[in-house]
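Enquirer: All residue numbers for the sequence shown refer to the working numbering, where the first residue is 30 and numbers rise by one.
Backbone N, C-alpha and C define an ideal beta-carbon position, used for all residues, glycine too.
Below you'll find the structure I mean.
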Amino acid sequence: MSSAAERREIPEMVTFTEIAKRVTERNLVSRPITRQGVRHIAETDPAWPVPQEQWMKVGNAWAMPWDPIEEFFRQRTSRGRGPNKVPRRQAGDSDE
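So, in structure tokens, the structure goes:
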């Protein structure tokens, strides 16, 4: 085995659940995010750094390298859902 191959690091792989946990704990998002939220970003944001064909199936979860994802969230501008278009109804409000 060559010395270059011996020094090559194996990337740290993370699931959508772990990504959500890490970006929330490290305040890389403006408010807590769920694994479903991360998955939605991964499937819809063209800037997502790991193409779907590079995701690795591990058990019943998908895993991908952490480093490019961390960098993605560090550079990403907050997008969120945007402002409410219709005010929410308060408890006790009725249509009657």
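Given this structure, state the Cα-to-Cα distance separating Trp95 from Gln83, to the nearest angstrom.
Expert: Rounded to whole angstroms, Trp95 to Gln83 spans 13 Å at the Cα level.
Enquirer: For the beta strand (DSSP E) that Trp91 lies in, which residues bound it at each end?
Expert: It spans Ala90 to Pro94 - the beta strand (DSSP E) in which Trp91 sits, taken as one unbroken run.
Enquirer: Output the residue ranges of the beta strand (DSSP E) runs that lie fully inside the region 48-94 and measure 3 residues or longer, sorted by chain position.
Expert: Counting whole runs of 3 or more residues, the region 48-94 contains the beta strand (DSSP E) stretches 85-87 and 90-94.
Enquirer: Starting from the Cα of Val43, find the closest Cα among Arg118, Arg68, Val58 and Pro116 and give me that residue.
Expert: Considering only alpha carbons, the answer is Arg68.
Enquirer: So Trp77 and Phe101 are supposed to be a Cβ contact under 8 Å. How far apart are they, rounded?
Expert: Yes, Trp77 and Phe101 are in contact; Cβ-Cβ is about 7 Å, under 8 Å.
Enquirer: In the DSSP assignment, find the unbroken beta strand (DSSP E) run with Val115 in it and report its ends.
Expert: No beta strand (DSSP E) contains Val115, which DSSP labels as neither H nor E.
Enquirer: Below 8 Å on the Cβ atoms is my contact criterion, and I expect Val52 with Ile62 to pass it. Report the Cβ-Cβ distance as a whole number of Å.
Expert: That belief holds up - the Cβ atoms of Val52 and Ile62 are roughly 6 Å apart, short of 8 Å.
Enquirer: Under the criterion of a Cβ to heavy atom distance below 6 Å, does Pro94 qualify as lining the ligand GTP?
Expert: By its list of ligands, the structure shown contains no ligand whatsoever, and the ligand GTP lies outside what it can speak to.
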